[in-house]
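**Student:** This is the structure I want to talk about, given as structure tokens.
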Amino acid sequence: MLFFISSTGAGGLGGSVLIVLGAVGVLAVTVGYELLYYQRFSYVLTDDTLDIHSGVVSRRDREIPYRRIQNVDVSQNIVQRALGIAAVNVETAGGSSTEAVIQYVTVDAAEQLQTDVRRLKRRERSDTATDEESKEAVAPDREELFSIEPSELALVGVFSFDPRVAGIILAVLSGSIPFVSPALPGDATGVVLFVLLAIIGVSIIALSWVVGAISAVVNFWGFTLTRTEDELQYERGLLQRYSGTIPFDKIQTITIEDNPLKRQFGYATLGVETAGYAPGQAGSRGSEAAVPLATIDRVHRLAHELEEFGIPEYTRPPKRIRIRYFIRYVMAIAVISAVAFAITWVYNITFPWYLPLIAVLLSPIAAHYKWLHRGYWLGDDHLAARSGFWTRQAKIVPYYRIQTVIDSRTIFQRRWDVGTVIADTAGSLSVLGNDAAAIDIDEQEVSTLREELNDRLQASLRKREQQKAQEREQRRLRAIEQQKAQAQGVDVAEPASFEWASPVDTDPESASPKPKPKPKSIDTDSLTPAITPIPSSEDQHQSDTDESTESDTNT
Amino acid sequence: MKSLHPRIRILWVVRAVIFAVIIGAIGTAGAQTLGAPIWIPIIFAVLLLLLGVVHSLLRYRKWGYEIRDDSLYLERGVLTEVRTVVPLVRIQHVDSRRSALERTVGLASTVVYTAGSRGADVRIPGLEPDTASDLRERLKGLAIEADGEDAV
Numbered sequence: 194m195l196f197f198i199s200s201t202g203a204g205g206l207g208g209s210v211l212i213v214l215g216a217v218g219v220l221a222v223t224v225g226y227e228l229l230y231y232q233r234f235s236y237v238l239t240d241d242t243l244d245i246h247s248g249v250v251s252r253r254d255r256e257i258p259y260r261r262i263q264n265v266d267v268s269q270n271i272v273q274r275a276l277g278i279a280a281v282n283v284e285t286a287g288g289s290s291t292e293a294v295i296q297y298v299t300v301d302a303a304e305q306l307q308t309d310v311r312r313l314k315r316r317e318r319s320d321t322a323t324d325e326e327s328k329e330a331v332a333p334d335r336e337e338l339f340s341i342e343p344s345e346l347a348l349v350g351v352f353s354f355d356p357r358v359a360g361i362i363l364a365v366l367s368g369s370i371p372f373v374s375p376a377l378p379g380d381a382t383g384v385v386l387f388v389l390l391a392i393i394g395v396s397i398i399a400l401s402w403v404v405g406a407i408s409a410v411v412n413f414w415g416f417t418l419t420r421t422e423d424e425l426q427y428e429r430g431l432l433q434r435y436s437g438t439i440p441f442d443k444i445q446t447i448t449i450e451d452n453p454l455k456r457q458f459g460y461a462t463l464g465v466e467t468a469g470y471a472p473g474q475a476g477s478r479g480s481e482a483a484v485p486l487a488t489i490d491r492v493h494r495l496a497h498e499l500e501e502f503g504i505p506e507y508t509r510p511p512k513r514i515r516i517r518y519f520i521r522y523v524m525a526i527a528v529i530s531a532v533a534f535a536i537t538w539v540y541n542i543t544f545p546w547y548l549p550l551i552a553v554l555l556s557p558i559a560a561h562y563k564w565l566h567r568g569y570w571l572g573d574d575h576l577a578a579r580s581g582f583w584t585r586q587a588k589i590v591p592y593y594r595i596q597t598v599i600d601s602r603t604i605f606q607r608r609w610d611v612g613t614v615i616a617d618t619a620g621s622l623s624v625l626g627n628d629a630a631a632i633d634i635d636e637q638e639v640s641t642l643r644e645e646l647n648d649r650l651q652a653s654l655r656k657r658e659q660q661k662a663q664e665r666e667q668r669r670l671r672a673i674e675q676q677k678a679q680a681q682g683v684d685v686a687e688p689a690s691f692e693w694a695s696p697v698d699t700d701p702e703s704a705s706p707k708p709k710p711k712p713k714s715i716d717t718d719s720l721t722p723a724i725t726p727i728p729s730s731e732d733q734h735q736s737d738t739d740e741s742t743e744s745d746t747n748t
Numbered sequence: 307m308k309s310l311h312p313r314i315r316i317l318w319v320v321r322a323v324i325f326a327v328i329i330g331a332i333g334t335a336g337a338q339t340l341g342a343p344i345w346i347p348i349i350f351a352v353l354l355l356l357l358g359v360v361h362s363l364l365r366y367r368k369w370g371y372e373i374r375d376d377s378l379y380l381e382r383g384v385l386t387e388v389r390t391v392v393p394l395v396r397i398q399h400v401d402s403r404r405s406a407l408e409r410t411v412g413l414a415s416t417v418v419y420t421a422g423s424r425g426a427d428v429r430i431p432g433l434e435p436d437t438a439s440d441l442r443e444r445l446k447g448l449a450i451e452a453d454g455e456d457a458v
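Chains A and B, in that order, give the protein sequences. Under my numbering, the residues of the first sequence are numbered 194 to 748, in order. Under my numbering, the residues of the second sequence are numbered 307 to 458, in order.
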């Protein structure tokens with residue numbers, strides 16, 4: 194481009210023609226590239242993989258096994274909505290990035306793809322299931338679990354204060370303070386400065402609040418959650434429509450979040466985390482929220498719909514830890530005051546630097562609530578951990594989702610004889626250190642809890658294994674019964690030919706049982722071992738419950 | 307509980323020395339250009355060196371690992387004591403690797419990966435190359451034996 198511009202000086206008219214030509218050329222290449230990209234892009238649903246072929250210059254063929262697909266999302270931005278097309282995002286575990294994007298398909302095709310992948314995935318999972326079963330599953334029972342109400346949406350906006358906006362503005366401002374301060378009137382007293390700062394502060398808060406509110410309303414416009422047989426479907430967005438699915442068996446943790454304001458009005462937030470991908474992550478903020486805001490009642494019902502964890506009764510950290518929290522708050526306040534004092538001293542301005550010290554009076558309350566909100570709970574199948582003085586977060590993790598158990602004791606924690614136990618899961622959010630953690634529990638409890646979590650994980654995995662085996666067994670039995678029914682159906686038709694083949698046998702009664710064994714004999718041989726487990730599967734169930742009680746008594 | 311190979315101390319101490327020397331060199335250069343007394347960064351570097359050496363020795367003493375019936379257990383950390391339980395069912399894959407520094411002292415490490423967000427944290431340093439590959443093979447075998455059908 195620079196070349197063209199410089200040539201205009203020399204060539205005059207010829208130069209501008211060159212510019213136009215260049216622009217046209219670039220446009221043509223871009224359009225050509227896009228056309229080629231469109232032409233070269235194709236996807237195929239094979240029996241066990243989704244194949245995507247793409248690329249203009251370098252070709253890329255990618256096969257994604259259905260088993261690995263976590264979510265299939267459909268999103269539409271404004272332009273796409275106007276044109277009636279959509280983009281399909283395919284997410285797999287192991288990475289927060291999207292595995293494959295299929296752009297520019299019609300909405301119908303996108304939805305078709307979504308349902309097809311779901312169906313094929315299901316078929317692959319239940320490999321013994323007959324075609325009829327998988328066909329039945331295509332049209333699953335849809336049950337709307339949640340649909341945001343206008344009042345709730347308004348509240349989402351009200352509650353969506355975005356501290357990041359304030360942070361960004363503050364960062365920009367703080368950089369400019371040395372340049373602004375000389376510009377202030379020379380006789381600026383502390384009061385004037387204070388008022389100025391207060392105005393700036395209030396406007397920053399107001400601005401970030403408005404920004405947060407608008408983006409939250411835009412993001413969660415028309416939010417609905419629908420439940421099908423084995424997955425959760427969500428849909429939301431005003432300008433850009435997002436829709437996607439969260440398979441139940443990919444859910445890692447459930448988070449229930451609230452703060453004093455939400456609690457006061459009886460609301461809470463529900464978050465659902467899947468492996469490697471949190472739904473709607475593409476959104477700019479608050480995106481991990483499966484339900485941005487709903488009455489506590491609805492949130493709890495929904496959470497139990499996803500995981501039946503019961504009602505947690507939290508074990509709190511030892512009471513003495515409150516003193517530690519108090520000291521920590523006081524220290525933080527002292528540091529802030531010291532910094533404020535240093536600034537007033539260096540720049541020689543009279544500013545009430547001791548103002549933050551007022552917060553010391555509030556810190557015992559904060560310390561108490563911090564202690565009150567912290568705790569863990571070991572349920573029958575779930576670990577629940579709660580924390581947070583202002584924003585209170587309760588995380589619920591099924592034991593079988595735990596990846597590693599880590600306990601750590603910092604040098605400060607050791608002085609108070611406490612430690613932290615973290616149950617690490619395969620979620621993507623946990624990268625931010627957001628794992629379910631029992632923080633500051635007594636030192637003696639730390640080791641027991643660590644070992645206990647490992648034991649419960651192992652027990653839970655064994656239990657699941659048995660359940661799966663049982664399910665497989667039952668499915669096989671059902672298949673056998675169907676075959677049997679079919680075989681009998683054949684029997685009804687066959688005796689005529691059989692009688693015809695052996696007309697010597699005059700006894701009518703012996704004729705009908707006789708043909709029966711023959712077509713079946715082939716089957717029964719292979720099936721006998723499978724039929725016998727009927728009582729044994731019950732035994733299995735019994736032993737399974739025995740085991741779980743055993744592990745309970747061990748604790 | 308198994309401890310690491312004693313030679314890992316050499317590696318860690320060397321690392322602490324290199325770090326202190328670099329910081330000291332930067333500090334001295336900075337002091338010289340600013341015209342500040344040179345002994346400040348030098349004393350700082352010496353302190354850093356002492357701390358680093360003590361930390362390395364303590365670190366060796368605190369490190370331990372153990373393969374249990376159903377899990378791999380690690381203990382480590384000087385300032386923050388960390389104990390990790392990695393259930394064998396959760397092991398995705400196991401690496402043994404040797405960095406350039408490790409090779410000079412004839413040691414290797416084994417890294418255990420899980421699907422967890424902190425998976426790559428599980429690294430056992432200070433193993434003899436044979437021990438490292440043995441450990442890798444053993445963990446691999448145990449992980450296959452434990453067989454988690456749904457690892458994620």
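Note that beta-carbon positions come from the ideal geometry of N, C-alpha and C, so glycine has one too.
Is the beta carbon of L432 (chain A) less than 8 Å from the beta carbon of V404 (chain A)?
**Tutor:** No, they are not a contact pair.
**Student:** Exposed or buried, which one is K314 (chain A) when buried takes at least 16 other CB atoms within 10 Å?
**Tutor:** Its Cβ being crowded by 16 or more others within 10 Å, K314 (chain A) is buried.
**Student:** State the DSSP-derived secondary structure class of G464 (chain A), mapped to helix, strand or coil.
**Tutor:** Residue state, collapsed to three classes: strand.
**Student:** Confirm, please, whether the CB-CB distance from I604 (chain A) to L433 (chain B) is below 8 Å.
**Tutor:** Going by C-beta atoms, L433 (chain B) is not nearer than 8 Å to I604 (chain A).
**Student:** Helix, strand or coil for A619 (chain A), going by three-state DSSP, please let me know.
**Tutor:** It is coil, neither helix nor strand.
**Student:** Check whether the Cβ of R396 (chain B) lies closer than 8 Å to any Cβ atom in chain A.
**Tutor:** Yes, R396 (chain B) counts as interfacial toward chain A.
**Student:** Pull up the distance between the alpha-carbon of R367 (chain B) and that of K656 (chain A), whole angstroms please.
**Tutor:** C-alpha separation (whole angstroms): 39 Å.
**Student:** Please list, in chain order, the chain A residues whose beta carbon lies closer than 7 Å to that of V392 (chain B).
**Tutor:** Correct list: T597.
**Student:** Check whether the Cβ atoms of W609 (chain A) and R513 (chain A) lie closer than 8 Å to each other.
**Tutor:** Closer than 8 Å, so yes.
**Student:** Could you tell me the alpha carbon to alpha carbon distance between L625 (chain A) and A616 (chain A), rounded to whole angstroms?
**Tutor:** With a pLDDT of 47 at L625 (chain A), under the threshold of 50, the modelled position of this residue cannot be trusted; read the value that follows with caution. Approximately 14 Å between the Cα atoms of the pair.
**Student:** Take every Cβ of the stretch 393-408 of chain A, pair it with every Cβ of the stretch 342-356 of chain A, and state whether three or more of those distances are shorter than 8 Å.
**Tutor:** In short, these stretches touch, since the Cβ pair count reaches three.
**Student:** Please classify S556 (chain A) as buried or exposed, where buried requires at least 16 other C-beta atoms within 10 Å of its C-beta.
**Tutor:** Buried.
**Student:** Which residue comes first and which comes last in the alpha helix (DSSP H) that contains V327 (chain B)?
**Tutor:** Note, V327 (chain B): alpha helix (DSSP H), I314 to L340.
**Student:** Name the residues in the stretch 365-381 of chain B whose C-beta lies less than 8 Å from a C-beta of chain A; which are they?
**Tutor:** The stretch 365-381 of chain B vs chain A, Cβ under 8 Å: D376 and S377.
**Student:** Is there a Cβ from chain B that is less than 8 Å from the Cβ of R602 (chain A)?
**Tutor:** Closer than 8 Å: yes.
**Student:** Helix, strand or coil: how does DSSP classify S353 (chain A) here?
**Tutor:** Of the three classes helix, strand and coil, the one that applies to S353 (chain A) here is coil, per DSSP.
**Student:** Can you tell me the Cβ-Cβ gap for A406 (chain B) and A438 (chain B), rounded? I've got them flagged as a contact below 8 Å.
**Tutor:** That pair is no contact at about 16 Å.
**Student:** Taking DSSP as the reference, what is the three-state secondary structure of V384 (chain B)?
**Tutor:** Here V384 (chain B) sits in coil by DSSP.
**Student:** Note down the Cα distance separating K446 (chain B) from H399 (chain B), rounded to an integer number of angstroms.
**Tutor:** Each residue's Cα considered, the two are about 7 Å apart.
**Student:** With a threshold of 8 Å between beta-carbons, can A652 (chain A) be considered close to chain B, or not?
**Tutor:** It does not; no Cβ of chain B falls within 8 Å.
**Student:** Cα separation between S268 (chain A) and E501 (chain A)?
**Tutor:** C-alpha separation (whole angstroms): 31 Å.
**Student:** Using a cut-off of 8 Å between C-beta atoms, extract the partners of D451 (chain B) located in chain A.
**Tutor:** Looking at the sequence itself, residue 451 (chain B) is Glu, so the reference to Asp does not match. Per Cβ cutoff of 8 Å: no residues; E451 (chain B) is ~13 Å from chain A at best.
**Student:** DSSP three-state call for D600 (chain A): helix, strand or coil?
**Tutor:** Reduced to three states, the DSSP call for D600 (chain A) is strand.
**Student:** Counting only beta-carbon atoms, is D440 (chain B) nearer than 8 Å to chain A?
**Tutor:** No, D440 (chain B) does not count as interfacial toward chain A.
**Student:** Does the beta-carbon distance from Q305 (chain A) to V265 (chain A) come in below 8 Å?
**Tutor:** For Q305 (chain A) and V265 (chain A), no; Cβs fall outside 8 Å.
**Student:** Count the CB pairs spanning the stretch 538-557 of chain A and the stretch 576-593 of chain A that are closer than 8 Å, and state whether there are at least three.
**Tutor:** The stretch 538-557 of chain A vs the stretch 576-593 of chain A: no contact.
**Student:** Rounded to the nearest angstrom, what separates H575 (chain A) and F416 (chain A) at their Cα positions?
**Tutor:** Distance between the alpha carbons of H575 (chain A) and F416 (chain A): 28 Å.
**Student:** Give the straight-line distance between the Cα atoms of E424 (chain A) and D442 (chain A), rounded to the nearest whole angstrom.
**Tutor:** Cα to Cα, the separation comes out at about 8 Å.
**Student:** Is there at least one Cβ from chain A nearer than 8 Å to E387 (chain B)'s Cβ?
**Tutor:** It does: the Cβ of E387 (chain B) has a partner Cβ on chain A nearer than 8 Å.
**Student:** Using DSSP with H/G/I as helix, E/B as strand and the rest coil, what is W570 (chain A)?
**Tutor:** It is a strand residue.
**Student:** By how many angstroms is the C-alpha of L238 (chain A) removed from the C-alpha of V224 (chain A)?
**Tutor:** Their backbone Cα atoms lie some 28 Å apart in a straight line.
**Student:** When the cut-off is 8 Å and only beta carbons count, does R649 (chain A) lie next to chain B?
**Tutor:** No, R649 (chain A) lies away from the interface with chain B (no Cβ there is under 8 Å from its Cβ).
**Student:** Please tell me whether I595 (chain A) and T618 (chain A) are closer than 8 Å, where the distance is taken between their beta carbons.
**Tutor:** Going by C-beta atoms, I595 (chain A) is nearer than 8 Å to T618 (chain A).
**Student:** Going by the beta-carbon positions, is the gap between A587 (chain A) and T448 (chain A) smaller than 8 Å?
**Tutor:** In contact: A587 (chain A) and T448 (chain A) (Cβ atoms closer than 8 Å).
**Student:** Is there at least one Cβ from chain B nearer than 8 Å to R643 (chain A)'s Cβ?
**Tutor:** Yes, because at least one Cβ of chain B sits closer than 8 Å to the Cβ of R643 (chain A).
**Student:** Using DSSP's beta-bridge definition, name the partner residues of G459 (chain A).
**Tutor:** The partner list for G459 (chain A) (beta bridge, DSSP) is empty, contrary to what the question assumes.
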